Amino acid sequence: MKKFYLISIIFVFCIHCFTAIQAQTRLLRNPDVTDSHIAFEYAGDIWICNINGSQAQRLTVSSGMETKPYFSNDGKFVCFTGQYDGNTDVYMVSIEGGNPQRLTWHPGTDEARGWTPDNHIMFVSGRTKVPVQSLEQFWKVSKDGGMPSELKVPRVSFGDFNQDGSMFAYQMVQPWENEFRHYRGGQNNPIRIVSMDTYQLTKVPWNGSIDQKPVWNGDEVFFLSDRDTISNVWSYNVKNQALVQRTFFTEFDTKHIGSGGDKLVVENGSYLYLLDPTTNDISKVQININADLSWTRPHWKNVAEDIQNAAVSPTGKRAVFSARGDIFTVPAKDGSIRNITNSAGIADRAPAWSPDGIYISWFSDESGEYKLYYSDQYGKNLKKIALRNQSFYFTPVWSPDSKMISFTDGDRNIWLLTIATGELKRIGNENFDSPQRTIYPEWSPDSKWIAYVSKLKSEYNAIFIYSVSEQKSYQITDGMSNCISPAWDKGGKYLYFMASTNYSLHVGWLDMSSFFRPLEYAVYMAVLDADEPSPIFPKSDDEKVKKKDEEKESSKKKDEEKEDEEIKVKIDFKGLNQRIIALDIPQKSYLSVVAGEEKKIYIAERPADMLSRTYDLKEYNLEEKELKDVTKNIQDHYISYDGKKILYQKGDAWKIEDLKPDLKGESSLALKDLNLKIDSKAEWAQMFKEAIRYQRDFFYVENVHGLDLTTIEETYKPWIEDVNHRADLTYVLDIIGGETVVGHSFVGGGDYPDLDRVPVGLLGADYMLVNGYYQIAKIYEGENWNPDLQSPLSGPGINVKEGDYILSVNGEMLDGTKNIYSLFDQTAGKQTILKINSTPSLNEAREVVVIPVSSESALRQRAWIEKNRKRVDELSGGKLAYVWLPNTTLAGYENFNRYFFAQKHKKGAIIDERYNGGGSAADYIIDLLDRELMGYFNNSVGDKQAFTSPASALYGPKVMIINERAGSGGDYLPYMFKKKEIGPLVGTKTWGGLVGWGGLPPLIDGGFMGAPRWGFFNAEGEWDVENKGISPNYHVEQIPSQEISGIDTQLEKAVEVALELLKTEEVKLKKQPADPVKVLEKINK
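Residue numbers 15 to 1099, in the numbering used here, belong to the letters of the sequence shown in order.
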C-alpha cells in the first residue's frame, strides 16, 4: 500500500512537470526588462508579463507587425516598431495598455532601439544615409512627439547609453544575415564605445567574432559574442578592462539581450532567461501564452494571386492550377471551380492533364517526399507512384497516348514513367545547373519519341531526341548554335526549334559582359523523314490525268486514311542535319516556340524592353507562310492538346479562348471563386519540412557543409508548435538557413497581412528648427528631365531656396511642435500647397505648388556621388577620375558607363565599390579597367590629340575602395581587381558572401528560402572568399570624430595612394610623330 502511494505521488508530480513544460511558450523574442516586468514580441505583437513570467498579456494588436520593445527608464512606457499605418515607424504605449502613440512619419523604415538617459526614444533609420539607406544611423525623438534629431555618432545599428549619457556603446554594422552562424566576414566588427564629449573611440577586445547588441549595466557593457563558437553573453568593464564570459549555453546561439534595473534578460533556444549581473545566476522564465491568436484560426481566402503552376485540359474546357498547395480545375465558361485535392498542410504542385482527358497528375509531398499522384478530373480514384530520386520535380508532360509521363527533377535529370507498371527510367540530364531550366521534355504525336534540350561541354544547348523503344538519345543539332524549345508538329512530320548564332557571351549568364546584348533566335524546322518533301518549297499547280483504276484506288486510300488516323513518326537520323530548314520568320528575340494544330506554331517574342516580364505571342502557319499577332503583353500561356484552345495570363487575369490571331481577351476565368480554407498551422508545418528539403536538394555541395539535416529537423520541429504568425515561421526558417554556415540563405515573403500603405511625400530637402520653425537647410538638386531624379523644390517656377521657411502644408500650420513628415501623409505624387517665406512669419508668405516624391534616396545618392567626385578632383588637382559602383547588376553597369567613359581622359581613377550590393560577376568592368595601351590613331584636327587604341579605356593607376557593406558580386569585383593586379584596395574587408542562388520553387504561401546553388573556388582549386571576404592592401576605417567633421578617411587615403602611384605609373600619351616621308626620292624627281 505504501509502495502504491509513493508511486502515485511520483506519477502525479511527473504529470504536473510535464504540464508545466508543455505550457512554456517558445519563440518569445527581442525581450527587454525592468525590475518588475519583461516585454517581448510574439506572434506579430508586443507582450508584457511580470518578472516571474506570470500574467502575460498583449500590449498591441493590429494587422501589421509590432516588434522590438524597449522599456522607458521609469518602466512606465514601452517604445516599439509598428506598422499600424502600413509604414514601419516608431510607437509608444503605456505598460497599462491603451492606444499606441505614433512618433515617426518618414516613409522610410524606422526601428525602435531604446531610450536615452533623458528619456528620449532612440530609433535607427536610413532616411538620410548615403549612398544607400541602410539602417545604420541613430535618431532620437521626444516621447511627446515633434521633429527627431540625429545622433552625431555615425553608423550605428544597435547601441545603448550608460546611465549618465557620457558614453555610448554600439554595434556599427547591421548584418545582411542575422542568422549566419560562425560568420567571419567583413561585417563582423568589435563593440565600440565612444565618448560623447570628445568622440574618442574605444574598442572592446575582439577576435573576429560576431559581437553584437551591447547594453549597459553599471560600468559594464554586456553584449553577445560567438568568440567561443556558440553565441553567449559577455561583459566588458570600462574601468578595469575586464572581459568576462557570463553565460555558457552550448547548443543554441543567444539572440538578444536586454538590460533594466539590476537584471538582464536573454533570449536563447526560443526561451527567455533572467541573468543576475552580480552573481551570474541565470534562470529560465516560465511564460505561458494563452490567448486568442487570430492568425492561426482557419479562414477562407481567395488564392488567385497564389497560383504557381497552370495547365489546360485537352480541349480547353477547363484550366488546372496549383495554388497554395492544392490543385483546382476552373471552367472556361460553365460550371464551378473544383478543388480536387483539399490537402491542408500538403504541397501539391505541377498539375498536368492527360491528353485523353481522363487523368490529372501532380506531385505531392504528403508522404514526406514528393510522389506522383494522379486521379480523375474530380479527384476520385487517386493513385500514388513513388519516385526514385529524393528531390523536387518539375514540368510533367503526358504522352499523347496517356500511358506515360516525362518530367524533370531538381538535379536536372529527365525521367520517363510508365503509369501502368510504375517503371521509372532516367533518360537524360541537362549537364549544367544554370538558373534557366531548358530541359523541358516534349512528346512526339505517336508517343514513341521525346525531344529535349541538354547543354554541351561548350555550355551551348543542343536538341536531343530520345527513342522510347531503343532507350537511347540522338543529338540532332551540331552545337555550333544555341538551340532550344523543340516542338513536334501535330502531323508528326516535323520538329520545330529555335537556334541562336549570337548566343556567345550569354553563355556567361552570371557575367556582366552579357548585359544588353540582344539575343536573337531564328525558327527552324527539321524534316524527320528522308522521303518527306520540304513543306516550304515553292508549289506548282498542275493537272494530273488519272486512269479510272487509279481514281478508284485514290478514293479507297483516302477512305482508309480517314478510318485510320493513327500517326506514326518516322525519323531518319542519317542526313537529318541537312534536312533542317530555316522558316521564313524574322530573326528576333524569341523566348519559345510551341506547336498548335498541324502546321501551326506559336512563338513568344520578347518586347523591345528587355527588362519586361511580359511577351507577345505570334502565330505562324506553314501553309500561309505568314506571321500574325495572337496577343500582346502576356505573362504565360498553354495550348490545349488538340491545338484549338489557349490558356493565357494577362495581368491578373487568366483566359481561355479559341486559338487564333487577334485574340480579343474579352472574358476571364472566374477566379473570384478560387477560394481555399487556409489552415495556417498545417501550412507552417509543411513549409518547415520543405525548408529542410531545400537545403538537402539545392545546397551547392552535397554535405551541406557537414550539417546533419536529420538532427536539425528533430531539433527545431518542436519550435513549430509555437509558431502562431508567419513572422514566427520566417524566424525559424532563417535560423535553419543560418545553420548551414553560408551566405545568401535569405528568407522572406509569404502570407503576411495586406497593409494599406499611406504614401508620405518628401521634398528632397534637409530641415533644421530655427526659433521653433522649420527652415530648409539643404535642397537636393536632381535632374528634372529624369523621372527618377526629380527634385520637388528645384523645378521651374518654384523658386524655393535654402534658408526659406515652410510655414504650412495644404493649409495646416507647421511649427516645431509637429513632425514635418506628419503633414505630408497622402501627398506623394500629388499637388501639394506650401506656404513659404524667407522669415518665420506668415506676413508676405507666398504659396507654391509642389509634387512631393515617395523617395528621395536617389537625390541624396546623386549628391553623395557628386560630392565625392568633386573632392577627388580637388585633392588630385584634376588628375583622377571618380566612379562609384552601387552594385554589379543594372545600376552598377549604368553608373560605370555614365561616369567612367566621361572621365577617361584623366591620368588615373578611384573606383569606389563601397556599399556594393552585388548581382553579377562584373567581368565587363574589370576588362575595361585592365586595358593596356596598344597604340594610337592620329587626329588631324583641333589640338591633334590622338585616338588611343583601345579607345574606351582610362590608362594609368587605379585604386579601389572597399568596405564591409560590399558583398556577393561586390566581393568578386575586388577579388578580380586584386587578382589581375590592376591596383591596390583601400578600406575595410568586404562581406564575404560569394555564393549564388536562384531557380528554387516558392514555398506554398509564396514565400522563399535561399539555398545557395553555386559556390566559388579559385584557380588553384580552393574554396575561396565565402565567409572570408576580400581584405584591403591599406586597412582604413572610418573614425567617428573624422566622419562628424565631414572627412572621408577612406576616400582621402585612396587619393593619396593613387597620387603616389602616378609618380611611377603614369601613362604619358605620345604626341603625333613627325609626318613620315614614304615616297622614294627618285619618284619625286
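Cβ coordinates follow ideal geometry from the N, Cα and C atoms, glycine included. What you are looking at is a predicted structure, and each value in this text was computed from that prediction instead of being measured.
Alpha helix (DSSP H) segment containing residue i, residue limits
{"i": "Ala696", "result": "694–712"}
{"i": "Gln151", "result": "That residue, Gln151, is in no alpha helix (DSSP H); its beta strand (DSSP E) goes 151–156."}
{"i": "Val218", "result": "No alpha helix (DSSP H) contains Val218, which DSSP labels as neither H nor E."}
{"i": "Ile1058", "result": "1054–1058"}
{"i": "Tyr938", "result": "937–943"}
{"i": "Thr268", "result": "Note, Thr268: premise wrong, no alpha helix (DSSP H); beta strand (DSSP E) at 268–274."}
{"i": "Arg1073", "result": "The amino acid at residue 1073 is misidentified as Arg; the sequence shows Leu. Unbroken alpha helix (DSSP H) run through Leu1073: 1063–1079."}
Residue span of the beta strand (DSSP E) that contains residue i, given as start and end
{"i": "Phe182", "result": "181–185"}
{"i": "Glu728", "result": "Counting along the chain, Glu728 falls outside any beta strand (DSSP E), though it belongs to the alpha helix (DSSP H) covering 723–734."}
{"i": "Met106", "result": "103–108"}
{"i": "Tyr745", "result": "Looking at the DSSP string, Tyr745 is not in any beta strand (DSSP E); the run it does join, the alpha helix (DSSP H), is 740–753."}
{"i": "Asn113", "result": "111–116"}
{"i": "Asn10", "result": "Absent from the structure is residue 10, since the part of the chain shown begins at 15 and ends at 1099."}
{"i": "Asn44", "result": "43–47"}
Between the CA atoms of residue j and residue i - distance to the nearest angstrom
{"i": "Ala779", "j": "Met79", "result": "30 angstroms"}
{"i": "Gly330", "j": "Lys669", "result": "10 angstroms"}
{"i": "Arg43", "j": "Asp742", "result": "9 angstroms"}
{"i": "Asn689", "j": "Glu319", "result": "11 angstroms"}
{"i": "Glu1079", "j": "Gly970", "result": "6 angstroms"}
{"i": "Phe182", "j": "Glu1066", "result": "27 angstroms"}
{"i": "Trp900", "j": "Arg928", "result": "The sequence shown places Pro at residue 900, rather than the Trp named in the question. Going by the C-alpha atoms only, they are around 8 angstroms apart."}
{"i": "Ser378", "j": "Lys385", "result": "5 angstroms"}
{"i": "Leu636", "j": "Glu671", "result": "22 angstroms"}
{"i": "Lys632", "j": "Val644", "result": "5 angstroms"}
{"i": "Cys31", "j": "Ile374", "result": "With a pLDDT of 35 at Cys31, under the threshold of 50, the modelled position of this residue cannot be trusted, and the question is left open."}
{"i": "Val146", "j": "Trp878", "result": "10 angstroms"}
{"i": "Tyr714", "j": "Val756", "result": "10 angstroms"}
{"i": "Ile419", "j": "Thr435", "result": "12 angstroms"}
{"i": "Phe54", "j": "Tyr766", "result": "20 angstroms"}
{"i": "Asp543", "j": "Phe551", "result": "16 angstroms"}
{"i": "Glu14", "j": "Phe1030", "result": "Outside the shown range of the chain (15 to 1099) lies residue 14, about which nothing can therefore be said."}
{"i": "Tyr907", "j": "Ala622", "result": "19 angstroms"}
{"i": "Ile35", "j": "Trp1005", "result": "Unreliable positioning characterises Ile35 in this predicted model, as indicated by a pLDDT of 38, which lies under 50. A coordinate reading is not provided."}
{"i": "Tyr250", "j": "Phe263", "result": "19 angstroms"}
{"i": "Leu947", "j": "Gln450", "result": "38 angstroms"}
Residue closest to residue i, alpha-carbon to alpha-carbon, out of the options
{"i": "Phe760", "options": "Pro189, Ile1058, Gln201, Tyr794", "result": "Pro189"}
{"i": "Met526", "options": "Lys731, Ile940, Ala877, Ile692", "result": "Ile940"}
{"i": "Lys462", "options": "Thr902, Val482, Pro455", "result": "Val482"}
{"i": "Ile726", "options": "Phe712, Ile749, Val737, Asp711", "result": "Ile749"}
{"i": "Tyr488", "options": "Leu215, Ile464, Gly506", "result": "Ile464"}
{"i": "Leu238", "options": "Ile224, Ala618, Val1039", "result": "Ile224"}
{"i": "Val608", "options": "Trp457, Asp623, Leu73", "result": "Trp457"}
{"i": "Cys93", "options": "Tyr913, Ala960, Leu968, Val107", "result": "Val107"}
{"i": "Ile244", "options": "Gly283, Lys277, Tyr213, Gln255", "result": "Gly283"}
{"i": "Ile372", "options": "Thr293, Ser327, Gly892", "result": "Ser327"}
{"i": "Asn591", "options": "Thr491, Ala980, Gly830, Ala536", "result": "Thr491"}
{"i": "Lys658", "options": "Lys613, Arg195, Ala705, Arg206", "result": "Lys613"}
{"i": "Arg707", "options": "Ser694, Asp722, Leu641, Arg241", "result": "Asp722"}
{"i": "Val75", "options": "Leu1076, Asp306, Lys469, Ile812", "result": "Asp306"}
{"i": "Asn133", "options": "Phe175, Asn113, Thr95", "result": "Phe175"}
{"i": "Val334", "options": "Asp545, Trp314, Tyr392, Val521", "result": "Tyr392"}
Within-8 angstroms CB hit, residue i to chain C
{"i": "Tyr392", "result": "Looking for chain C here will not work: only one protein chain is present."}
Rounded Cβ spacing between residue i and residue j (contact assumed at less than 8 angstroms)
{"i": "Pro369", "j": "Ser416", "result": "5 angstroms"}
{"i": "Val279", "j": "Asp88", "result": "The pair is not a contact, with the Cβ atoms about 18 angstroms apart (cut-off 8 angstroms)."}
{"i": "Ile594", "j": "Tyr538", "result": "5 angstroms"}
{"i": "Val772", "j": "Asp839", "result": "5 angstroms"}
{"i": "Val138", "j": "Val170", "result": "7 angstroms"}
> Of all the beta strand (DSSP E) runs that stay within the bounds of the region 878–917, which reach a length of 3 or more residues?
Replying inline: 894–898
>> Going residue by residue through the region 422–485, where are the continuous alpha helix (DSSP H) segments of at least 4 residues, counting only ones entirely within it?
In response: none
> Fully enclosed by the region 776–851, which alpha helix (DSSP H) runs are 4 residues long or longer?
Replying inline: none
> Hey, which unbroken runs of the alpha helix (DSSP H) at 4 residues or more fall wholly within the region 954–995?
Replying inline: 983–993
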